[in-house]
Structure formats: structure tokens, C-alpha cells
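Novice: The structure's right below; bear with me while I get my questions together.
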């Protein structure tokens, strides 16, 4: 029953039901900071309706502003204001609400919550990339996002996209009839409308953002200056909400950081030279055509693609090429000036040295926009050439260099320096970009193949937040179920907080017990690195877990510190027997619960979730083994029976030898020498671990009728301050050994036996009707057919007959574990880290092996013409293959895989996936396989790979291999 909730005498919030006291408190804090133009950090336990409270209170406040007339002061400001760099003047005095969350699947849940309220009629849109929205088959088939954007822009400019053309010609009132449904829509619904009416959903969502009152978008669209510019976000006088903000500090630092490799710089040089050669050739062709032309002057139609040449003068590109050559040389020179870092395979220095490199190269705030525009126009020009350029010359290097230098200059802009600098220092000194650079570190490392990795780390989250405030943001609201320890979080964000809330749970007495297991049967339980392989520790952890599994009904979620720790423990438990017992630890565990293990790759997660849900419905229940900071620890709503217990093994500290971790601790130690009030590296390191712990703990309670237990298996939890835990959990924490923990759990569920049985019956009914939130399909993933198809191709199918159809229906998928020994590179963190590495591995050997080359003469670069295209003739039955080829074709696929390195296997599998789904053609398969096998002198394996291709592609592959003289 909807309720009118008066927060104060002026603001009435329309809430879907009578709110709990914690929700009233939450909404009052939101309204108070909106009134006072201040910021807020709001922690409210998972399951207390945080998202609903945020939406209703903010929208109620905005609706109240609509009833008021704009002030004279506002009208004068708007009359005097000029167009800003990131957008035009707002046409309304009503603040726009930007609601940001970490992923699109989380934003989908926001849409669901919004549509439960009386505010669902508010004009809302959701922003996403072409990868999420595009319905043009040609653009969808491209996997690289940068290339996808360029192809889309090229098709739009040439009016070759039917979906965009129809959208562009559609009258605004007609478009409004189509998209105004009286409720908020998520990405899947917008894509469905696009397909139904053949109009582009990507540009439709962007157009709606121009006058929307509520805009839903991922974090980086707001934080990253490049994304703000791309989507033309006008943040002046806006309200920015960051939901699930517990990860915001690291995301802010990451968005202000940048990375590039010497190979990518070399590729940029190669691409610039290609553009120059094509331009010279094109100019020559145009002169020859003009000499023989008979048409009247001005009557010849100009190809739209040639208009780019007006913006690409040879002399300008030569100047850019000169700067890129100098940048390549400067990075090689500064290597000797950097300091070797202990525990890292590389060198580092303060961030100021990178600014000095840019100064020597001739890149500064005045020239950077022109350089970026030239590089992007050159990229578009290359892509317009289609088959005239090779796969390695499609502009990836130029695009990567653009992103790198834009990130650096956006972070170090003078106005940013002014905001970050000490207010006691005069403004003339504060605008120095070196002020920002002191919060950064430059890190470089050389790899075995001669490639140099250049990373620029920012270690001050407040830089990104202050950049937002400088853009005129009215309020920043940070909300999460786990901001604790909240004092360090608010300090690091650097905002002017008018409210800092640690909210209570919806229930006065929280139905949870929390046990710290300090001692096992053999010794104290301490999961330090030194103890990770200690037999007594491994056995005591196993026995503790066995007691918890045996004492807890329904579902148990067990969190490990890392994938490697989980793998090591499971391996030990499978190989070692319990004391005075014939069965091993693992055999005992699977007798108590049906156990499923979180996969490293997100493609398999849906299958694992389904298996876990099925196991929970069985009388014995199920256990899900997962990883802190993994896919299960946040963003998934475990309903009732699915999380009767949350167990955390060890303390999930970040990897001690990770580059970012080592340099962050170094930065904090150096900074603390001059300012003892700042956070120490030890405190930061501990805080990072407890952020992950608290996020995992949040899985245990989802609503007021829920109940469960939390078990922390590590004695180190007993010595930390209670402030490190969420406020609602602190009073429930007790300490003891295995037996004390087990007795408390048995007594807790024994007192709730009737509730357990009732929840079991209700849970089964909900699963049958699929009304549980967990069964709400992730629409975002299903809206992208190409990525959806890839997730349906198993490893077995990759090596099945090439003629096998890839059009697999979802309902026919069998959820089986992948065979061991060969796994796909689907871990999200690994994919992010290797995205550009995989692209750069496709470079010609001349680039990979000799990254920093001597500068060739300009005349040679211009005179060199692109190679003539060769016509590939299919092998006929009468053609004979060389003996070496016939021998290579007898090699089995399993033998090929067996002889590859782990990294090569990942690249090999990714290529076959793309080929099987028809995302790439055989020519690209040829080029990718070449980079895997030829440098390692495995030409026989390269030739043998042709057996995997479709019958019609196999002879073309072999013919090209013979033409390339691969033996």
C-alpha cells in the first residue's frame, strides 16, 4: 500500500509501502544534504531498501523544486553563462539526477525498483555503449569497442546505417509515441523497441538523455573525463548518486590512471605511416583524374569518405608522427633514471617525470586537442579503407595513444591542480599540474620480447571527485551496504560531507550470530601466508567447515581469499584423509552438502547458480564455494534459503606483490613523512581486506524476515577493532573454537526449526514459479546476441566438427564442468589486463622483436606504397600438397593443444570461439594463429590447425600458407 511520508514540513515522499525506521532515517539524510547543497556518505545494510529510498527521496525533492519558480539569481547566472566545454546551457533550473552503479545489471535492478514507485513516469533513460545497444549486424560483429565506434560513426556519416537513418528522420512526437510507455525501461526493452521499429536504440537513448530528469549509467561514464565528453554529459547543478559505492575509491584511482606499451606506440607509428602513404597515393590519383576530367567544374559528386582528407593534411600528420617518434625515444631514455622497486619486476618514479617527457616531446595543454583530433580522424580514415589495410593497421595503436595522453592531461588540467592543491597556497602555484603529479607514480617494466609496459598510477581518489565538483555538480551522494570503515572512506573521497550515516538494520534485534573461530582441533587457526600450506591449518579449516556444513540447513556460501587459495585448499581436502577416518575431507563435505564452485569465467556463472539453486531445494542443501571480490560476493541477490550461513576463510588482503598495491603503499609511506594525519599504508591495506569481508557478509541478510549465521575462520578477526565491521553486525560477534562455534549454530537453527521448514516450503514454491529475484535473467547479457552465443560454445564444441551449427538454443545447454587442462581466458580481471596485450600480440614480428627502432627517413615512409593485393585461388582436387603439409595435417587437435603454452592456449581458444560464432573470417584466424605458432617455430602445428576450419575455408587457409612460404 503506497504511503505518503513527510520527511519535513516541505517534502512528502511517496513510498511504495510504510517505510521502516531505518528507511525514514536514510531518506531524511538525503533530503537534508539536498537542501544544504552538501554531499553524503550513506551506509545502510543490504536488504533495507537502500536503492528504493535513494530514488524516492531524491525524486520527491526534485519534484518539489518543479513547483517553485526559478530565482532571479539563477536567471542572471544562466544569462551570463557561456557554453561549457562539455555541453550547452541547461534549459531548466531543475537538477538532473545521474544515478551511477558499477554494472548495467545493477542498473537493471534500479529500473525494476523505480517501476515499483509512483515516480516511474519521470523521464528516464539508461546510457550504454554500442556493444549493449547496437542492432546493426555489421557493427555488432566487431568485438573491439574502439573499432566498433569508428565503424558506426563512419556508417552514420555516410548514411549507410538503416537504423540510424530511420531514427534521424523520425519526428520527435512520433518518437515520443514509441518510447513513452509510462514507465522506465532497461537496455533490453530499448533494444526490443529498436528492433520492432527498426530505429537505433543507441542514439535513441542518447537523445533521451538530453532532456531526461533521471539518467542511469555506469560509474566510469561520470568519473572518466573522456566518457563525459563522449556522451556530452552536462553536470552543472546536477545530483550525482553513486550506488554500491564501496568500490568507488579504487575506481576513481583507476580512471585517473593510464597505461600504454612500446608495442602500441610502435603500432601507432606504423598506422600513421600507412595513412601518410595512402594520402600521398590518393592525392596523386586525384591529380591524374583532374587532368583527364571532362565534367564541368563543380558537377562532380564528392565521396563523403574523401571529405576526411580536408582535415588530414600531410604536413600536420608529419608533425604528429615526429612527436610520436620522440615519445618512443623519450620512454627509452628515462628507463635509466627510474628506481628499481623491491618485489616488482620493474622501475618507478614520481609522476612528475612523465609530465617532463611530454614537455620535451612538445605535448602540452594547448596542442593536445589538435593532436587527438588528428589521430582520431586518421583512425576513421584507415577504417574507411576496408580491405586496403591489414588487420594490424586498423587504428588500434592511434586510439590507444589518444586514450593515454587524454587521460594524463585530463587528470593534470590546471583547474584540477587548483582543486587538489592546498587552499593555503596562492592560486598561481596551485594551478601547476605537478601538484597533481605528486599523487601519482610512473611505473615501467620490460618483458622478455623487448616490449616495454608504461603505467601511470593515480593514488588519490579525491582527484576524480573534485573534478566532478569543479564541473558544477550540486550534490554527490555515495551509498552502499558496506562503506565501513567509513571514517577512512570519507577522508579519502575528499568531499564536503553534510551527512555521514551508518544505518541500523530494519530489525532492532538482528537474527544473526557471528562467530570468530580462533582455534581448531590441532592448533590456532591463522591464515597467514606462512601457514597456507601448513597441514594442521588446512586440516583445522576443513574440520571447521565440516561442522558448519553439518549444522546449517539449506544453503551455505563459503568465501575464500582468492582463487589460488580456494584451489589449494580443495586440492588438499581431496587428497588427504581425516584423522582416524578412512574418508578424506572432501568426501565428508559432499556427504553433507551438494558443493558447487564459483568459476573464474563469468560465462559459466549462470550454470553454477542454477546448479546451486537446485541443490538448495534438496533436503541436504548445498554449499557454494566462492571468492571475495569475485562475481558472487556482490551484485547477486541470494534469496532466503540460499544464504543461511556465510563463511569466510582467512582475510582477503590484496596480492602483496601486485604493482598497484606495492606502489600505493610506497606512496602512502612517502606522503606520511610530511603529514602524519594521513592514512598509513598498513591501515589502507587492512581496510582493503575488510571492504571485501563486509561485502561478502552482506549476503547473509536480504530482508526483515531473513536469518542466518556468519562464520569467520581466522584468529586475526578477534584482534581488529569492531569499527571495521558494519554497525548492525558488531553486537553479534563472539569468539571461540570449533566446538563452541558448532554448538551456537546448532542452537540458533534449532530455535528456528519451524521457520526453516516454512522457508523451505516457500522457497521451493518461489523457485517453481521463478518469482525470486535471482531468477530474473540478466537482460543486459541477453541483449547482445554475439556475446550470448559465445557463452554457449563449450570447449568440446570448439574442437567438434567444423560443420556443427553454432545456433544453440539456451534451453538445450547442458551445464557440465569444463574439462581440465585447457580453460578459456574468461576471468574478468585477466581479460581487462590482457585486452590490449592480445591486440598487440597480433603485430608483425618486426614490431614485437624490435620495439624501439631507429627513425626511418620521412621520404621512405611516404614513397613506400601499400602492397598489391594477392588473389587467393582455391585448391582443386588436382592440386598436390607438399609432403610437409601432408604430414602436418595428420597431427591431431589434442597434440596441437598439448604443445602450446598456457597463454597461447588462451589466445587459441578465444580465436576459435570468435570463428565458431562467425564473428571473424578465416583470414583473421590465419593472422592470429600465425602469431601463436610461427614465432615459436611451430609451422607444422600452424598448418595442422587448418583441420579445425570449415571445409570451404580449409583450402583457402592452406593456399595462403603456401603463398606465404610457411614450411
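In the working numbering, the protein residues as written are 809 to 1775.
All C-beta atoms, glycine included, are put in the ideal place defined by N, C-alpha and C.
Should the segment 849–861 be called in touch with the segment 824–831, which here means at least 3 C-beta pairs below 8 Å?
Specialist: yes
Novice: Spatial neighbours of residue 1756 within its chain, please: CB distance less than 6 Å, with the 5 preceding and 5 following residues excluded, ordered by chain position.
Specialist: Numbered from its first residue, the chain shown carries residue 1756 at position 948. Excluding positions up to five away in sequence, the list is empty.
Novice: Go ahead and pull the three-state DSSP assignment for residue 1591.
Specialist: Numbered from its first residue, the chain shown carries residue 1591 at position 783. Note that residue 1591 has pLDDT 36, beneath the 50 cutoff, so the model's placement of it is unreliable and the number below is only indicative. Reduced to three states, the DSSP call for residue 1591 is coil.
Novice: For residue 820, list the residues DSSP reports as bridge partners.
Specialist: Counted from its first residue, the chain shown places residue 820 at position 12. According to DSSP, which records beta bridges pairwise, residue 820 is partnered with 814.
Novice: Residue 1343: buried (16+ other C-beta within 10 angstroms of its C-beta) or exposed?
Specialist: Along the chain shown, read from residue 1 onward, the residue named residue 1343 stands at position 535. By the 10 Å Cβ count, residue 1343 comes out exposed.
Novice: Take residue 1186 as the anchor and find which of 1769, 1283 and 1076 has the nearest alpha-carbon.
Specialist: In the chain shown, residue 1186 corresponds to position 378, counting from 1. Ranking 1769, 1283 and 1076 by Cα distance to residue 1186 puts 1076 first.
Novice: Around the C-beta of residue 1381, are 16 or more other C-beta atoms found within 10 angstroms, so that it is buried, or is it exposed?
Specialist: Looking up residue 1381 in the chain shown gives position 573. By the neighbour-count rule (16 or more Cβ atoms within 10 Å), residue 1381 is buried.
Novice: By the DSSP assignment, the alpha helix (DSSP H) with residue 1776 in it spans what residues?
Specialist: Nothing about residue 1776 can be reported from this structure: the residues present for the chain run from 809 to 1775 only.
Novice: Which whole-angstrom value describes the C-beta separation of residue 1699 and residue 1715, a residue pair presumed to lie in contact below a C-beta threshold of 8 Å?
Specialist: By one-based count along the chain shown, residue 1699 stands at place 891. By one-based count along the chain shown, residue 1715 stands at place 907. About 19 Å separates the two Cβ atoms, so there is no contact after all.
Novice: Quick one: any contact between the segment 1304–1323 and the segment 1547–1559, if contact means 3 or more CB pairs under 8 Å?
Specialist: Result yes; three or more Cβ-Cβ pairs closer than 8 Å.
Novice: Thinking C-alpha only, which one of 1770, 1057 and 908 is nearest residue 1499?
Specialist: The count along the chain shown starts at 1 and reaches residue 1499 at position 691. Residue 1499 has its Cα closest to that of 1057, out of 1770, 1057 and 908.
Novice: In angstroms with no decimal places, state the Cα-to-Cα distance between residue 1000 and residue 987.
Specialist: One-based indexing of the chain shown puts residue 1000 at position 192. One-based indexing of the chain shown puts residue 987 at position 179. Those two C-alpha atoms are separated by around 11 Å.
Novice: Nearest-angstrom Cα distance between residue 1303 and residue 944?
Specialist: Within the chain shown, numbered from 1, the residue matching residue 1303 stands at position 495. Within the chain shown, numbered from 1, the residue matching residue 944 stands at position 136. Cα-Cα distance, rounded: 42 Å.
Novice: For residue 1403, which residues does DSSP report across the bridge?
Specialist: By 1-based counting over the chain shown, the position of residue 1403 is 595. Note: residue 1403 sits in a beta bridge opposite 1431.
Novice: What would DSSP say about residue 1266, mapped onto helix, strand or coil?
Specialist: Stepping through the chain shown from its first residue, residue 1266 is reached at position 458. In the structure shown, residue 1266 sits in a strand (DSSP, three-state: E or B).
Novice: Can you give me the start and stop residues for the alpha helix (DSSP H) that residue 975 sits inside?
Specialist: Position 167 of the chain shown, counted from the start, is the residue given in the question as residue 975. It spans 970–977 - the alpha helix (DSSP H) in which residue 975 sits, taken as one unbroken run.
Novice: Where does the unbroken beta strand (DSSP E) through residue 851 begin, and where does it stop?
Specialist: On the chain shown, position 43 is the one that residue 851 refers to. Taken as a continuous stretch (DSSP letters only), the beta strand (DSSP E) holding residue 851 covers 847–851.
Novice: Quick one: using the 10 Å Cβ neighbour count with 16 as the cut-off for buried, is residue 1070 buried or exposed?
Specialist: Indexing the chain shown from 1 puts residue 1070 at position 262. So residue 1070 ends up on the buried side.
Novice: Would you check if the segment 1160–1175 and the segment 1207–1217 touch, i.e. whether three or more CB-CB distances between them fall below 8 Å?
Specialist: Yes, since at least three Cβ pairs between the segment 1207–1217 and the segment 1160–1175 fall closer than 8 Å, the two stretches touch.
Novice: Mapping DSSP to helix, strand and coil, what is residue 1322?
Specialist: In the chain shown, the residue the question calls residue 1322 occupies position 514. Residue state, collapsed to three classes: strand.
Novice: Given this structure, state the Cα-to-Cα distance separating residue 918 from residue 910, to the nearest angstrom.
Specialist: For the purposes of this step, residue 918 is identified with residue 110 of the chain shown, where counting begins at 1. For the purposes of this step, residue 910 is identified with residue 102 of the chain shown, where counting begins at 1. Looking at the two C-alpha atoms, the distance is approximately 12 Å.
Novice: Do the segment 816–826 and the segment 923–932 touch if we need at least three Cβ pairs shorter than 8 Å?
Specialist: yes
Novice: Report the partner residues of residue 1328 according to the DSSP bridge assignment.
Specialist: Counting from one through the chain shown, the residue named residue 1328 turns up at place 520. Residue 1328 is not bridged to any residue.
Novice: From the DSSP output, in three-state form, read off residue 1661 for me.
Specialist: Along the chain shown, read from residue 1 onward, the residue named residue 1661 stands at position 853. Confidence in residue 1661 is poor, its pLDDT being 40 and thus under 50, which makes the residue's placement unreliable; the coordinate value appears in the next sentence. Looking at residue 1661 - three-state DSSP - the assignment turns out to be coil, as it is neither helix nor strand.
Novice: Between 1440, 966, 1349 and 946, which has its C-alpha nearest residue 1410's C-alpha?
Specialist: Locating residue 1410 in the chain shown gives position 602, counting from the first residue. Measuring from the Cα of residue 1410, the nearest candidate turns out to be 1440.
Novice: Within the same chain, show all residues whose beta-carbon is closer than 6 Å to that of residue 1129, passing over the 5 residues directly before and after it, in chain order.
Specialist: By 1-based counting over the chain shown, the position of residue 1129 is 321. Excluding residues within five positions, the ones whose Cβ falls inside 6 Å are 1080.
Novice: Using CA atoms only, rank isn't needed, just tell me which of 1393, 1045 and 871 is closest to residue 903.
Specialist: As a position in the chain shown, residue 903 is number 95, starting the count at 1. For the residues 1393, 1045 and 871, the minimum Cα distance to residue 903 belongs to 1045.
Novice: Flag this pair as yes or no: are the beta carbons of residue 1495 and residue 1296 separated by less than 7 Å?
Specialist: Along the chain shown, read from residue 1 onward, the residue named residue 1495 stands at position 687. Along the chain shown, read from residue 1 onward, the residue named residue 1296 stands at position 488. In this structure, residue 1296 lies closer than 7 Å to residue 1495 by Cβ.
Novice: Report the three-state DSSP secondary structure of residue 1390 (helix, strand or coil).
Specialist: Translated into positions along the chain shown, residue 1390 becomes position 582. Taken through DSSP and simplified to helix, strand or coil, residue 1390 comes out as coil.
Novice: Along the chain, which unbroken stretches of the beta strand (DSSP E) at least 3 residues long are found entirely within the segment 1495–1550?
Specialist: 1516–1521 and 1541–1545
Novice: Is it the case that the Cβ atoms of residue 1432 and residue 1404 are separated by a distance below 7 Å?
Specialist: For this step, residue 1432 is matched to residue 624 along the chain shown. For this step, residue 1404 is matched to residue 596 along the chain shown. Yes, Cβ-Cβ distance for residue 1432 and residue 1404 is below 7 Å.
Novice: Whole angstroms are fine: how far does the CA of residue 1010 sit from the CA of residue 969?
Specialist: Counting from one through the chain shown, the residue named residue 969 turns up at place 161. Counting from one through the chain shown, the residue named residue 1010 turns up at place 202. Cα to Cα, residue 969 sits roughly 12 Å from residue 1010.
Novice: Counting Cβ pairs closer than 8 Å, one from the segment 1201–1211 and one from the segment 946–959, do we hit at least three?
Specialist: Between the segment 1201–1211 and the segment 946–959, the count of Cβ pairs shorter than 8 Å is three or higher; the stretches touch.
Novice: Please tell me whether residue 1765 and residue 1747 are closer than 7 Å, where the distance is taken between their beta carbons.
Specialist: For the purposes of this step, residue 1765 is identified with residue 957 of the chain shown, where counting begins at 1. For the purposes of this step, residue 1747 is identified with residue 939 of the chain shown, where counting begins at 1. Result no, Cβ atoms of residue 1765 and residue 1747 do not sit closer than 7 Å.
Novice: When you compare each of 1472, 1373, 1387 and 1455 to residue 1360 by their alpha carbons, which one comes out closest?
Specialist: Stepping through the chain shown from its first residue, residue 1360 is reached at position 552. Ranking the options by Cα distance to residue 1360, first place goes to 1455.
Novice: Restricting to Cα atoms, I'd like to know which of 1493, 1449 and 1534 is closest to residue 1560.
Specialist: Locating residue 1560 in the chain shown gives position 752, where the first residue counts as 1. Ranking the options by Cα distance to residue 1560, first place goes to 1449.
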